[in-house]
Amino acid sequence: MRTRTVVAIALSVGAAVVAATGINHASASSPAPKSAPSVQEAVAAAAPAAAPQGGDGQTDFNSQNRDSGRVHVNERTYSAAPGECTAVISSPATSFNVLNESDRTVEFFNGITCDNGSAVAKIGPRNSSSAIPGTTVLDGTTVPFALVGSFRAIDKRY
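Going by mature numbering (1 follows the signal peptide of the UniProt record, and there is no 0), the letters in the sequence shown line up with residues -26 to -1, 1 to 132, in that order.
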């Protein structure tokens, strides 16, 4: 309690001294110096008016589709890059619901890796599947802790 009283008195004395002496920390006698132009203004001034900005849709990247698409598993979004095995852990869940928004076929597996046997489900391009089983993970009791599965998007090369 004593420390609070001392601090309060010291603050009020300090404020009174500053007010009595008339110390101004920001003097209004001279105008503020003009600031340098921002980097964006300098770049805009240096660029020609008709410089291409990209995104014109005319670049085809050798006719390759760079967007892999998306795969939604139990309301989570994953990339549909071909050949990559993606592990999915969902808690609490009893099955997987998969929405394939890519142009590739998705294979869904029962374990954490994509090489534990054959796929339990194949979801075609722009299609969905629900109630896909996974591997149930228990936490030492009989209550399921999580559901584990994996998927990969396949292309003509895989």
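All C-beta atoms in this analysis are idealised placements derived from N, C-alpha and C, irrespective of residue type, glycine included.
Cα-Cα separation, residue i to residue j
i	j	result
Pro66	Asp129	32 Å
Val111	Phe119	6 Å
Ser64	Asp113	14 Å
Thr109	Glu49	18 Å
Gly57	Ser42	11 Å
Thr60	Ala54	9 Å
Asn74	Val62	15 Å
Reference residue i, options the options, closest by Cα
i	options	result
Leu121	Val94, Ile86, Arg100 and Ser92	Ile86
Val45	Cys59, Val72 and Pro56	Val72
Cys88	Ala55, Ala105, Tyr52 and Gly123	Gly123
Nonlocal neighbours in the same chain, by C-beta distance under 8 Å from residue i, ignoring five residues either side
i	result
Asn90	Phe83 and Asn84
Lys96	Thr79, Val80, Glu81 and Phe82
residue 142	With the chain represented from -26 up to 132, any question about residue 142 goes unanswered, as that position is not in the structure.
Same chain, Cβ closer than 7 Å to residue i, neighbours up to 5 away in sequence not counted
i	result
Pro107	Ser69, Asn84 and Val94
Ser92	none
Residue(s) in a DSSP beta bridge with residue i
i	result
Thr79	Ile128
Ser97	First, the amino acid is wrong: residue 97 is Ile here, not Ser. DSSP, once it has assigned bridges, lists Val80 as partnering Ile97.
Gly123	Val62
6 Å Cβ shell around residue i - same chain, five flanking residues per side excluded
i	result
Ser104	Asn71
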